[in-house]
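Peer 1: Chains as they are written, first to last, in my numbering: chain A, 18 to 562; chain B, 18 to 562.
Yeah, the Cβ is synthetic: ideal placement off N, Cα and C, and Gly gets one too.
Keep in mind that this is a model prediction, so the values were computed, not measured.
1) Going along the chain, which residues of the segment 419-433 of chain B sit with their C-beta nearer than 9 Å to a C-beta in chain A?
2) Is residue 218 (chain A) helix, strand or coil by DSSP?
3) Against chain B, does residue 86 (chain A) count as a neighbour if the rule is that its beta carbon must be under 8 Å from one of theirs?
4) If I measure Cβ to Cβ from residue 349 (chain B) and keep anything under 8 Å in the same chain, skipping five residues before and after, which residues do I get?
5) Of all the residues that make up the segment 159-171 of chain B, which are near chain A by a beta-carbon distance shorter than 7 Å?
6) Once DSSP output is grouped into helix, strand and coil, what is the label at residue 424 (chain B)?
7) Looking at the secondary structure, which residues open and close the beta strand (DSSP E) in which residue 253 (chain B) lies?
8) Going straight from the alpha carbon of residue 96 (chain B) to that of residue 204 (chain B), what length do you get?
9) Going by Cα to Cα distance, which pick from B:445, B:244, B:215, B:81 is closest to residue 194 (chain B)?
10) Determine whether the beta carbon atoms of residue 524 (chain B) and residue 500 (chain B) lie at a separation below 8 Å.
11) Using the Cα positions of residue 460 (chain A) and residue 335 (chain A), report the straight-line distance between them to the nearest angstrom.
12) Using three-state DSSP, classify residue 444 (chain B) as helix, strand or coil.
13) Is residue 140 (chain A) buried or exposed, if buried means 16 or more other CB atoms sit within 10 Å of its CB?
14) So with Cβ pairs under 8 Å, would you call residue 214 (chain A) a contact of chain B?
15) My guess is that residue 227 (chain B) and residue 22 (chain B) are in contact by the Cβ rule of under 8 Å, so how many angstroms apart are they, rounded?
16) Give a yes or no on whether the minimum CB-CB distance between residue 94 (chain A) and chain B is below 8 Å.
17) Buried or exposed: where does residue 401 (chain B) fall if 16 or more other Cβ atoms within 10 Å of its Cβ makes it buried?
18) Specify whether the segment 404-414 of chain B and the segment 400-419 of chain A touch according to this definition: at least 3 beta carbon pairs, one from each stretch, less than 8 Å apart.
19) Going along chain A in order, which residues have a C-beta closer than 7 Å to the C-beta of residue 109 (chain B)?
20) Looking at C-beta atoms only, is the number of pairs between the segment 491-499 of chain B and the segment 456-474 of chain B that lie closer than 8 Å three or more?
21) Do the segment 233-243 of chain A and the segment 72-83 of chain A meet, that is, are 3 or more Cβ pairs less than 8 Å apart?
22) Under 8 Å between C-beta atoms, does residue 181 (chain B) make it to chain A?
23) Does the beta carbon of residue 66 (chain A) come closer than 8 Å to any beta carbon on chain B?
24) Kindly identify the DSSP beta-bridge partner or partners of residue 83 (chain B).
25) Three or more beta-carbon pairs under 8 Å between the segment 20-37 of chain A and the segment 549-560 of chain B, yes or no?
26) So residue 332 (chain A) and residue 374 (chain A) are in contact, right, with Cβ under 8 Å, and what is the actual spacing, rounded?
27) Using beta-carbon positions only, say whether residue 427 (chain A) and residue 529 (chain A) come within less than 8 Å of one another.
28) Which residues in chain B have a C-beta closer than 8 Å to the C-beta of residue 559 (chain A)? List them in chain order.
29) Answer yes or no: do residue 406 (chain B) and residue 394 (chain A) have a C-beta to C-beta separation smaller than 8 Å?
30) Buried or exposed for residue 390 (chain A), please, with buried defined as at least 16 other CB atoms from any protein chain shown within 10 angstroms of its CB.
31) Are the segment 107-117 of chain B and the segment 165-180 of chain A touching by the rule of at least three beta carbon pairs closer than 8 Å?
32) Would you say residue 363 (chain A) faces chain B, with C-beta separation under 8 Å as the test?
33) Taking buried to mean at least 16 other C-beta atoms within 10 Å of its own C-beta, is residue 149 (chain A) buried or exposed?
34) Taking residue 51 (chain B) and residue 264 (chain B) to be in contact with their CB atoms under 8 Å, please state how far apart those CB atoms are, rounded to whole angstroms.
35) Would residue 48 (chain B) be called buried (16 or more neighbouring beta carbons within 10 Å of its own) or exposed?
36) Roughly how far, in whole angstroms, is the beta-carbon of residue 536 (chain B) from the beta-carbon of residue 431 (chain B), given that I think they are within contact range, below 8 Å?
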């Protein structure tokens, strides 16, 4: 049997567009001799449509879209994903379904059993889990069809009390097919490959695994669809971070070889590709073409500028320099040099007259009071205001330039430097920002070396350095990773060998700044614990972890 | 048997504080002769601690807190709620437990079966559901102990395939006890009473129902704990929106009477009480004492001012008037009169010099371009900046003054009038804002009548009226309620008798403005579909519902 793997960049809710794109691949597969084409989870509507699923009209339009695909399922089997109404007497109103279409008919409907509800996933919010297991006969073969998480419960102990593939294995299938919606994170790619290979070897069955690709708001999908043989060896692997199509010539007893399984987690190159795709897709799907960035001459805005230039084209990125009396001359020079290296347009808008005007307006109210963080925030918010005005007037989207370290400890001004429609590096710790900046410069100096070498500073008061307020980033980031990614309590972190006072201070800063992150821009997710939907903390919580 | 119902305002994660408060009621109950005291769901840590539950250290500290309660469970049974580690081989690592303590021992642990995962609820994110059912023997009686949602599946068809009380009923219990964490919404109170009464009469058993009270960030709990007899009649009902304690003298064959079951949904008084409690608790639990409000002379800021004055004391609320050249004289007069009626301090900060300075800074960049929404937003953001500066300098929390109608259609400026630490009326449609303002004025004119009578205007350009940009609020709010609360698609709304063009326009505005709401302040939830965690829409979604 010839099986086509179709890895597509779906747009959530764009049912017509998604179906048009799927039809292209169905026709191609048929013309190339495929017996079956496999798409990814919820391919009809894109993964994951969230509360759009609560609208009956949405489910009905998805059903119409399945009808369109059905008409194309002629002389080829088509396996798609779609939300469908449940026909059970009790339970939630929807199922997460894989639908096999053939000869313009629905041949089988299979429902997802294991509904991920953790991190960014919330599927039990919408779907009733499957409890009945049945392999599907197709072209004389027995297909064990599962959906994403269904193959993620092989390890003991499992997250779920049931393992769907154990049930299907009893019915002696010939092959496993998994429709997936599995997002990228820098430690997820290897994990996913390992788990899928383990499934193949455990059940001694080949596995067709199809994932979607592309970004939906903050969630990045790398694709990386695979065909794995029954020994657990990856035979075919589709490209990452782009659409792809592959025809697999499968017969149950064939053997394949491949030089090596190319595992490469934690790779700055992959993270880079993920973020570039994330920017490009957010702009493309939001129908924005151009970005605007507050360019401070620091490394964060420099990296965002470089990444945006790659995603959108340098000519579509405008850098706005907004020096104050505390800005060093170097900052302006460096920011201009960066824009020149990239070929982006710049504006320079001095903020001092505006800041002076604000201070004058407040002078009676603040009479006799010391200058403090208020005045620093006024500068940051003046810049935010000017950026947003430029955005409004020219139709550029503001890119936020915050990194994960400062977002974590609240070293940022709400409505000031926290402005923006998208946060491209909000899931990169400062140390990762440096690593990626060096990667950007791998062939030539794009980010001026001066930016990489100077000490980080917000430049909101004379001679300010980040290290005046925060531990050095090497140390800070290690504590943050233990607290945020690893979810260790402060005492555990101290036991891991860190200074107690520092740990307590950092953890308290993280907790106290939930309120700021609550109002932050969407952050492109590249770790397994990004701020946003993946980490849902109460704002009011008198608990020191 | 004498049973004490303890309705407490817990603070999330304040384990020591919560236990201290519980101990007070345990001692009181014992001294008043109670055999058993019942607390609400997850009482040890407060409902709902969200991703704090992911930290093992948090669960361990909860366990320590249970130990403290255990030592108090002397000569009285104590039924509490707490998260506990699961001892199952597979499944999620936690259970949502009710723990019965007696004679300083754990007598029984009962786990929640039905895990609400919809709207603001996300319990399957954390807990493994129960599948084993056992009544608990105590003092010669058989207690059917359930946790909140477990009693919400009586209706057919049910949201869940299993009904825990059906299983427990087979074991011939003498009484039902439900530990609840059931939030207020204006159509939920009657529903809850009806469902609990139906449970009592259906199983022919009395029901002790204990809910928590108080606000945790945006979620408001009304309390309203009850004792219902086996005929389904409410015998005792605890106060709403405040802590309460009641001793119920129960024997299985007693009969009770009460004049009437006082059902009063959709009552502006209850909504008012809910919001006042929400403001008070957010400030109290965040350890803020004072608020600052941008007072425009319009009805939204007037209502927020009045509510905040009630919650915090008028002297703790500062009103900042920030007129521009487009502000009418009436606006300033009305805002000052409001502050005088309430007894709040005011500042007047004219924004024109600042706005002129911004426009001057941008004059080269904007040369030759028409004035448009950019310049309106500059005014709104200038006000936001000044308010935040006042907040920073004086330590007042900014209260956002947006209502649900404008939040829905995006008739608000991000980082401008969308500023604030809390949005007290963001779940009130404009028509409800008027109704509540009239309620505020029920005894005397607090909100000047001029504010109630003038046409709504943002005053960002000459002679601007909201109705220039939006349908009249009476019409707008009806369409919004169908789209947001009722989750009807636009075609359904048109079929309900609304003009197609208007409906399409409104629905598109709601969809297009997800990105603004993503960065909005937490909104006190008083409806069953508030913006925030209860309505999770993708930002990128090419689907027109």
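Peer 2: Taking the coordinates as given:
1) 430, 431, 432, 433
2) The residue given as residue 218 (chain A) occupies position 201 in the first chain. Reduced to three states, the DSSP call for residue 218 (chain A) is helix.
3) Start at 1 with the first residue of the first chain, and residue 86 (chain A) comes out as number 69. Not an interface residue.
4) The count along the second chain starts at 1 and reaches residue 349 (chain B) at position 332. Around residue 349 (chain B): 314, 338, 340, 365.
5) none
6) If you number the second chain from 1, residue 424 (chain B) lands on position 407. Three-state DSSP puts residue 424 (chain B) in a helix.
7) Your numbering for residue 253 (chain B) matches position 236 in the second chain. Taken as a continuous stretch (DSSP letters only), the beta strand (DSSP E) holding residue 253 (chain B) covers 251-254.
8) The sequence position of residue 96 (chain B) within the second chain is 79, counting from 1. The sequence position of residue 204 (chain B) within the second chain is 187, counting from 1. Looking at the two C-alpha atoms, the distance is approximately 29 Å.
9) One-based indexing of the second chain puts residue 194 (chain B) at position 177. Among B:445, B:244, B:215, B:81, the Cα nearest to that of residue 194 (chain B) belongs to B:244.
10) As a first step, residue 524 (chain B) must be located in the second chain, where it is residue number 507. As a first step, residue 500 (chain B) must be located in the second chain, where it is residue number 483. A contact, by the Cβ cut-off of 8 Å.
11) Reading the first chain from its first residue, position 443 is the one you call residue 460 (chain A). Reading the first chain from its first residue, position 318 is the one you call residue 335 (chain A). C-alpha separation (whole angstroms): 24 Å.
12) In the second chain, residue 444 (chain B) corresponds to position 427, counting from 1. Of the three classes helix, strand and coil, the one that applies to residue 444 (chain B) here is coil, per DSSP.
13) Sequence index remark: in the first chain, residue 140 (chain A) carries index 123 (1-based). So residue 140 (chain A) counts as buried.
14) Start at 1 with the first residue of the first chain, and residue 214 (chain A) comes out as number 197. Judged by the 8 Å Cβ criterion, residue 214 (chain A) is not in contact with chain B.
15) Translated into positions along the second chain, residue 227 (chain B) becomes position 210. Translated into positions along the second chain, residue 22 (chain B) becomes position 5. So it is a contact: roughly 5 Å between Cβ atoms.
16) Against the first chain, residue 94 (chain A) aligns to sequence position 77. Closer than 8 Å: no.
17) For the purposes of this step, residue 401 (chain B) is taken as residue 384 along the second chain, with counting starting at 1. The residue is buried, with at least 16 neighbouring Cβ atoms inside 10 Å.
18) no
19) On the second chain, position 92 is the one that residue 109 (chain B) refers to. Under the 7 Å cutoff, chain A gives 176.
20) no
21) no
22) Indexing the second chain from 1 puts residue 181 (chain B) at position 164. Not an interface residue.
23) Position 49 of the first chain holds residue 66 (chain A). Residue 66 (chain A) counts as touching chain B.
24) Residue mapping note: residue 83 (chain B) aligns to position 66 of the second chain, counting from 1. DSSP lists no partner for residue 83 (chain B).
25) yes
26) Residue numbering aside, residue 332 (chain A) sits at position 315 when the first chain is read from its first letter. Residue numbering aside, residue 374 (chain A) sits at position 357 when the first chain is read from its first letter. At roughly 34 Å, the Cβ-Cβ gap does not stay under 8 Å, so residue 332 (chain A) and residue 374 (chain A) are not in contact.
27) Translated into the one-based positions of the first chain, residue 427 (chain A) becomes position 410. Translated into the one-based positions of the first chain, residue 529 (chain A) becomes position 512. Cβ atoms of residue 427 (chain A) and residue 529 (chain A): closer than 8 Å.
28) Here residue 559 (chain A) refers to the residue found at position 542 of the first chain. Within 8 Å Cβ-Cβ: 28, 29, 30, 31, 34, 302.
29) Counted from its first residue, the second chain places residue 406 (chain B) at position 389. Counted from its first residue, the first chain places residue 394 (chain A) at position 377. Taking 8 Å as the Cβ cut-off, residue 406 (chain B) and residue 394 (chain A) qualify as a contacting pair.
30) Position 373 of the first chain holds residue 390 (chain A). Answer is exposed; the Cβ neighbour count stays below 16.
31) yes
32) Sequence index remark: in the first chain, residue 363 (chain A) carries index 346 (1-based). No, no contact with chain B.
33) Counting from 1 along the first chain, the entry for residue 149 (chain A) is found at position 132. Its Cβ having fewer than 16 others within 10 Å, residue 149 (chain A) is exposed.
34) For the purposes of this step, residue 51 (chain B) is identified with residue 34 of the second chain, where counting begins at 1. For the purposes of this step, residue 264 (chain B) is identified with residue 247 of the second chain, where counting begins at 1. Contact holds; Cβ gap of about 6 Å.
35) By one-based count along the second chain, residue 48 (chain B) stands at place 31. Residue 48 (chain B) should be labelled exposed.
36) Residue numbering aside, residue 536 (chain B) sits at position 519 when the second chain is read from its first letter. Residue numbering aside, residue 431 (chain B) sits at position 414 when the second chain is read from its first letter. Yes, residue 536 (chain B) and residue 431 (chain B) are in contact; Cβ-Cβ is about 6 Å, under 8 Å.
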